[in-house]
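Which chain is which? The protein sequence lines are S and Y, in order.
Going letter by letter, the first sequence gives residues 6 to 118 in our numbering.
Going letter by letter, the second sequence gives residues 2 to 116 in our numbering.
Backbone N, C-alpha and C define an ideal beta-carbon position, used for all residues, glycine too.
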Amino acid sequence: GESVGLHLPTLSVQEGDNSIINCAYSNSASDYFIWYKQESGKGPQFIIDIRSNMDKRQGQRVTVLLNKTVKHLSLQIAATQPGDSAVYFCAESPGGSNYQLIWGAGTKLIIKP
Amino acid sequence: DTGVSQNPRHKITKRGQNVTFRCDPISEHNRLYWYRQTLGQGPEFLTYFQNEAQLEKSRLLSDRFSAERPKGSFSTLEIQRTEQGDSAMYLCASSLGVGARTEAFFGQGTRLTVV
Chain S
6 GESVGLHLPT
16 LSVQEGDNSI
26 INCAYSNSAS
36 DYFIWYKQES
46 GKGPQFIIDI
56 RSNMDKRQGQ
66 RVTVLLNKTV
76 KHLSLQIAAT
86 QPGDSAVYFC
96 AESPGGSNYQ
106 LIWGAGTKLI
116 IKP
Chain Y
2 DTGVSQNPRH
12 KITKRGQNVT
22 FRCDPISEHN
32 RLYWYRQTLG
42 QGPEFLTYFQ
52 NEAQLEKSRL
62 LSDRFSAERP
72 KGSFSTLEIQ
82 RTEQGDSAMY
92 LCASSLGVGA
102 RTEAFFGQGT
112 RLTVV
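Dropping the structure here:
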């Protein structure tokens, strides 16, 4: 079946460095993508989204890049802080009248002091 | 209204018992979603409401699962005759949108343990 997946289950980054979390998706019809952050014991927290008619979107300290040619999504976090430690999920919306989100397994981001 | 609220936060039940969870979405949000999440995995879609209408239902939602949103505001998810495999975090989310997709805001979840 079609699914969203992640390249790395765990990413360790030095505090202050930039983090890049990658995601591959397989449904070429997906038209909306979201990155969520989930801390232990909490629900997912929205970080940033991007529609398929864009290839880049910036937020506060975060940038999402979308490459539709290779069906790849990435989340860049600038100047990573200890509070960024969490599991990061990308999710895709299949398009049309289907409003569900299809999620990958997540990447755990670990910040080294 | 500070966000999506889910109750209870934790539920331990014996196999075979029925359980019901409640979700209060962000007021004015017309869309409401239920997801299930097991440890180390991403959430899996269960069902979606637009106002009071249940518009999508996953194949994961067996006959033992039922969800309602009677007045287009809060929603309940009931699991009948619980099984150990039902143990998971049940997440509710809501969003506001007409046509276009917008970000969904999640509650803290209800963690169900079936013993």
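Ala110/S places its beta carbon less than 9 Å from that of Gln42/Y.
What Arg32/Y touches in chain S, judged by beta-carbon distance under 8 Å, is Tyr104, going in chain order. Annotation: the continuous beta strand (DSSP E) that includes Glu97/S extends over 91-98. C-alpha of Phe50/Y to C-alpha of Leu78/S: approximately 28 Å in a straight line. Between Tyr34/Y and Leu106/S, the CB-CB gap stays under 9 Å. 9 Å or more divides the Cβ of Leu80/S from the Cβ of Ile116/S.
Excluding its 5 nearest sequence neighbours in each direction, Tyr37/S has C-beta neighbours in its own chain below 6 Å: Arg56, Ser98, listed in chain order. Between Ala83/S and chain Y, the shortest Cβ-Cβ separation is not below 9 Å.
Chain S places no beta carbon closer than 9 Å to that of Ser67/Y, leaving this residue out of the contacts. Ser76/Y places its beta carbon less than 9 Å from that of Ala68/Y.
Annotation: Cβ neighbours of Ala110/S in chain Y (cutoff 9 Å, chain order): Gly41, Gln42, Gly43.
Look at the segment 57-78 of chain S: it has no residue with a C-beta under 7 Å from a C-beta of chain Y.
Of the candidates Val67/S, Ala34/S, Trp108/S, Leu114/S, the residue whose Cα lies closest to the Cα of Lys73/S is Ala34/S. Under the three-state reduction of DSSP output, Asp25/Y falls in the strand class. 9 Å or more divides the Cβ of Ala91/S from the Cβ of Gly21/S.
Closest option to Arg82/Y, judged by alpha-carbon separation, among Asn8/Y, Arg10/Y, Gly4/Y, Arg16/Y: Arg16/Y. For Thr3/Y, there is no enclosing beta strand (DSSP E), as DSSP marks it with neither H nor E. Per DSSP, reduced to three states, the secondary structure at Gln85/Y is helical.
Per DSSP, the continuous beta strand (DSSP E) segment holding Ala68/Y begins and ends at 66-69. Taking a beta-carbon distance threshold of 9 Å, Glu57/Y counts as an interface residue toward chain S. No residue range can be given for Thr103/Y, since it is assigned to no beta strand (DSSP E) and is classified by DSSP as neither H nor E. Neighbours of Lys47/S in chain Y, taken as residues at a C-beta separation under 9 Å, are given in chain order as Phe107, Gln109, Gly110. Contacts with chain S at 9 Å (Cβ-Cβ) include Ala94/Y.
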